[in-house]
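To start, the structure under review is shown below, and the notes come after it.
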Ligand code: DQA
């Protein structure tokens, strides 16, 4: 019998504005690892959990909205570090609300311990959970949580 291998379910990792600068951007806040380092951590965690991982980084709100829309029916879960868009993008909020799988919000820093405007997230109300304040470790934790929720 000719068996085509079943493709691994997909976790979509989204990175918002300025995260392409990680490693050089405010290292005292965000650390010295690059976005590529974090994507490698997330990819390894996904693979260990039996998932494939696709990563999209954009500085443009509409591109992230398109990526979330494109994940509908295609990705099993979304992990999103929306950067500053987390605090005001209702467009991203609505796109995530339409997504049919688990959503994990992720931040390297702990926004609740920083500027007051960072204490509100418009992503959080449409996320299943939030991972923040653990630096690069958060990428592993968020992917593990997303995989576990997607399996249920
Ligand atoms: C961030 C926190 C946001 O407040 C900030 O605008 C970022 C990064 C984080 O990962 O800690 O760009 O999402």
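In the numbering used here, the protein residues as written are 632 to 783.
Glycine included, C-beta positions come from ideal geometry on N, C-alpha and C.
Inter-stretch contact (C-beta, 8 angstroms, three-pair minimum) for the segment 687 to 696 and the segment 730 to 744: no
Through-space distance from residue 754 to residue 723, alpha-carbon basis: Approximately 7 angstroms between the Cα atoms of the pair.
In DSSP terms, what residue 643 is bridged to: As a beta-bridge residue in DSSP terms, residue 643 pairs with 685, 709.
Cutoff 7 angstroms; reference residue 726; Cβ partners in own chain excluding five residues on either side: Closer than 7 angstroms at the Cβ level, and outside the excluded window around residue 726, lie 696, 699, 700.
Residue range of the unbroken alpha helix (DSSP H) whose run includes residue 701: 692 to 702
Sequence-distant residues of its chain with Cβ nearer than 8 angstroms to residue 649 (five each side left out): 656, 690, 714, 715
Contact check, residue 707 vs residue 682, beta carbons under 8 angstroms: yes
Identity of the residue in 746, 742, 748 nearest residue 762 by Cα: 742
Helix, strand or coil at residue 792 according to DSSP, with G and I counted as helix: Lying outside 632 to 783, the shown extent of the chain, residue 792 is not represented and no answer is given.
Through-space distance from residue 670 to residue 773, alpha-carbon basis: Distance between the alpha carbons of residue 773 and residue 670: 12 angstroms.
Residues near residue 728 by beta carbon distance below 8 angstroms, same chain, minus five either side: Once the five neighbours on either side are set aside, the close Cβ partners of residue 728 are 757.
Exposure label - residue 646; buried when at least 16 CB within 10 Å: It counts as buried.
Backbone secondary structure at residue 596 - three-state DSSP: Lying outside 632 to 783, the shown extent of the chain, residue 596 is not represented and no answer is given.
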